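Participant:
Residue numbers (the numbering used here), protein chains in the order written: chain A, 1 to 247; chain B, 1001 to 1404.
Set out below in structure tokens:
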């Protein structure tokens, strides 16, 4: 199947310090890929490169065979990003965040009018439609980010740790929508520490450690490569970090 | 060992340093010359106005009212910092000395205002009582200072009471009593003045007793208040220089903002217009500063006697409002969304310039109409043309460079 996001031999990081040392993976249509790693492993740096905030020092990143440098507008158009820490405009209400996002991503107005009430209902935010972010709790702010992403329904979702601060209903709605989008053909790259949830929802996993990919594949493939039958993602992950410290 | 006196010294010197840092910018810039000019113009007008004052003018009552207001106008700056609510709250008992010092500091600062007001209102006082000795006026000012001190103390005690309506009631009653004492004193009804002073002192003692039943310093409120005061200073300083840590207060503008939003067409092209217009309206100061500049500019055009000077003031105020709006372009610089939106950067600049020229047009229209209302028709035309030329020069020659 044609790949949606392809990362090839990515070397990148900050001016004087490389964080990623040759990372390669892909995200195809109709799959949820979990990006797993400890704090400081390079997950967020990988994501920043994918969304085009950081430029690769070596290697390429393509979405639908377009690189960011070649066609930035088209590259960005195919993608929604949900940041780890919600980033909202103090000056805009919830409704205005949604409308602004819809405008920026060129969503037809009828579609915007059709989609946003459903999202509000799903995330129990109808009452807050005309509130300003100063009055939002952490979880509500996260919900605004999630709603903006699902509003535009792009091909690729890049999600950085979506669960922190969300209430159980919010988590359930998010997972449900993520599954629906996958079934409709979208690809999702999701970084998370909640391995039990990742194990349940992700089709494949990329385990990143100290800037390199230590393993990737489906749960079964990971089990085979570690020779741990019936192991959970948690157990596999802990095994992997143990091995690493032995080297 | 925690030392409250030492802490106060540190905070005060940091505060003075901060004020003088921005003070330098304020008194150096071209705005300072303008301010000086304005103040001296006002002084001249005041003198002229006083000279032509009729004897029936109620100058006595103006002095009484102003003095009465001054006794209760006691803004309190405690020099607290936001983190104090975490770190110093445990040392609340030891902070008493600190708060005593801040109250004293505020009182001394306020004396400047009393002296300025005393000097400014002096002519009015002697207009009302031309035969009186200057010492009588000074005695009145001393009385004002005494009541001001009492009111400051009472205000501080009232902080422990969280019920705002009660505080407003208290301040209002103290205002009435203080003003009455000053009134009786000025009218030489010493007996009445003494009686009302006793009533006041009764209330004073009652407030002391009443408020000392509640202990606990309202840290959150004091910190917020300090924050507001500093912010208004920064806003003022921001007219002269760029104040980086000016935290803007959001204004919802419940009526005008949805109206403006409705007039922005839907579509990708208008993404940044949407963002800039709403930010202009709601984010702290852009809109209110603009409106202030338009109003002050129009008033100056009316007041300034010379026709050419009127024109120069008009252009100057157009320059000031355009100049003050440039930071709006970078207002959202920390927002990664601006880098992620699939919208061309050129659109962003265009949207911003369109907004600036739109609101500058409004300002030009107001000023031109002011000239028309003064029946300077010919001059209104000259002003209109030169203002438009100025606007385009500014926006294409100067601003364009600033926006890249």
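Even glycine gets a Cβ: it sits at the ideal position worked out from N, Cα and C.
Please read these numbers as outputs of a predicted model, since none were measured by experiment.
Tell me whether residue 85(A), by its Cβ, gets closer than 8 Å to a heavy atom of the ligand GDP.
Facilitator: Because no ligand of any kind appears in the structure shown, any question about the ligand GDP cannot be addressed here.
Participant: Since residue 26(A) and residue 3(A) should fall inside the 8 Å C-beta cutoff, what is the C-beta to C-beta distance between them, to a whole number of angstroms?
Facilitator: With 8 Å as the limit, residue 26(A) and residue 3(A) qualify as a contact, their Cβ atoms being about 4 Å apart.
Participant: I'd like to confirm the pairing. Which residues does DSSP put opposite residue 67(A) in its beta bridges?
Facilitator: The partner list for residue 67(A) (beta bridge, DSSP) is empty, contrary to what the question assumes.
Participant: Taking 9 Å as the CB-CB cut-off, is residue 1336(B) touching chain A?
Facilitator: yes
Participant: Pop quiz: residue 1390(B) and residue 1380(B) are said to be a contact at Cβ under 8 Å. What is the actual Cβ separation, rounded to whole angstroms?
Facilitator: About 15 Å separates the two Cβ atoms, so there is no contact after all.
Participant: With a threshold of 9 Å between beta-carbons, can residue 229(A) be considered close to chain B, or not?
Facilitator: So, not an interface residue.
Participant: Given a cut-off of 9 Å on the beta-carbon distance, is the pair residue 105(A) and residue 77(A) in contact?
Facilitator: yes
Participant: Got a sec: is the Cβ-Cβ distance from residue 1390(B) to anything in chain A below 9 Å?
Facilitator: no
Participant: Just by C-beta distance, which residues in the region 48-68 of chain A are closer than 7 Å to chain B?
Facilitator: Against chain B - using a Cβ distance shorter than 7 Å - the residues of the region 48-68 of chain A are 51, 53.
Participant: With three or more beta-carbon pairs closer than 8 Å as the criterion, would you say the region 1271-1280 of chain B touches the region 93-101 of chain A?
Facilitator: As far as the Cβ criterion goes, the region 1271-1280 of chain B touches the region 93-101 of chain A, which means the pair count is three or higher.
Participant: Please classify residue 247(A): is it buried, with 16 or more other beta-carbons within 10 angstroms of its beta-carbon, or exposed?
Facilitator: Below a pLDDT of 50, predicted positions are generally treated as unreliable, and residue 247(A), at 47, falls in that range; the measurement from the model is reported next regardless. The residue is exposed, with fewer than 16 neighbouring Cβ atoms inside 10 Å.
Participant: Which residues in the same chain have their Cβ closer than 6 Å to the Cβ of residue 1403(B), if we skip the five residues on either side of it in sequence?
Facilitator: Within the same chain, residue 1403(B) has close Cβ partners 1329, 1349.
Participant: Are residue 86(A) and residue 178(A) closer than 9 Å when you measure CB to CB?
Facilitator: The Cβ atoms of residue 86(A) and residue 178(A) lie no closer than 9 Å to each other.
Participant: Output needed in chain order: residues of the region 1224-1243 of chain B with a Cβ under 7 Å from some Cβ in chain A.
Facilitator: Identification of residues in the region 1224-1243 of chain B having a C-beta nearer than 7 Å to some C-beta of chain A yields an empty set.
Participant: Check the Cβ of residue 141(A) against every Cβ in chain B and list those closer than 8 Å, keeping chain order.
Facilitator: Those within 8 Å of residue 141(A) in chain B number zero; the least Cβ separation is about 14 Å.
Participant: Do you know how far the Cα of residue 20(A) is from the Cα of residue 211(A)?
Facilitator: 4 Å
Participant: Reducing DSSP to helix, strand and coil, say where residue 1114(B) ends up.
Facilitator: helix
Participant: When you check each C-beta in the region 1341-1357 of chain B against every C-beta of chain A, which residues fall closer than 9 Å?
Facilitator: Cβ contacts with chain A: 1341, 1342, 1343, 1344.
Participant: Going along chain B in order, which residues have a C-beta closer than 9 Å to the C-beta of residue 132(A)?
Facilitator: Result: 1250, 1252, 1282.
Participant: Quick one: using the 10 Å Cβ neighbour count with 16 as the cut-off for buried, is residue 185(A) buried or exposed?
Facilitator: exposed
Participant: Do residue 1059(B) and residue 1125(B) come within 9 Å of each other at the CB atom, strictly closer than that value?
Facilitator: yes
Participant: With distances taken between CB atoms, is the gap from residue 1311(B) to residue 1386(B) smaller than 9 Å?
Facilitator: The Cβ atoms of residue 1311(B) and residue 1386(B) sit closer than 9 Å to each other.
Participant: Only counting the same chain, and skipping five residues up and downstream in sequence, which positions put a Cβ closer than 6 Å to that of residue 1320(B)?
Facilitator: Around residue 1320(B): 1293.
Participant: Can you tell me which of the three DSSP states residue 187(A) falls into?
Facilitator: Note: residue 187(A) maps to strand in three-state DSSP.
Participant: Strictly below 7 Å CB to CB, what residues from chain B border residue 73(A)?
Facilitator: 1342, 1344
Participant: When you compare only the Cα positions, how much space is there between residue 1325(B) and residue 1264(B)?
Facilitator: 20 Å
Participant: Have a look at 180(A), 66(A), 36(A) and flag the residue whose alpha-carbon is nearest the alpha-carbon of residue 7(A).
Facilitator: 66(A)
Participant: Counting only C-beta atoms, is residue 1266(B) closer than 9 Å to chain A at any point?
Facilitator: yes
Participant: Can you pull the chain A residues whose beta carbon is under 7 Å from the beta carbon of residue 1275(B), in chain order?
Facilitator: 100
Participant: How about residue 234(A): is its C-beta nearer than 9 Å to some C-beta of chain B?
Facilitator: no
Participant: Using the Cβ count rule (16 or more neighbours within 10 Å means buried), how would you classify residue 155(A)?
Facilitator: buried
Participant: I want to verify the contact list: residues of chain B whose CB lies under 8 Å from the CB of residue 76(A), in sequence order.
Facilitator: Near residue 76(A) (Cβ distances below 8 Å), the residues of chain B are 1340, 1341, 1342.
Participant: For residue 1286(B), which residues from the same chain have a beta carbon less than 7 Å from its beta carbon, with the 5 sequence-adjacent residues on both sides left out?
Facilitator: 1280, 1325, 1328
Participant: Under 8 Å by Cβ, that's how I've got residue 143(A) and residue 125(A) pegged, so tell me the actual separation to the nearest angstrom.
Facilitator: 6 Å
Participant: Does DSSP classify residue 1133(B) as helix, strand or coil?
Facilitator: coil
Participant: Using CA coordinates, which residue listed in 153(A), 221(A), 230(A) is at the minimum distance from residue 79(A)?
Facilitator: 153(A)
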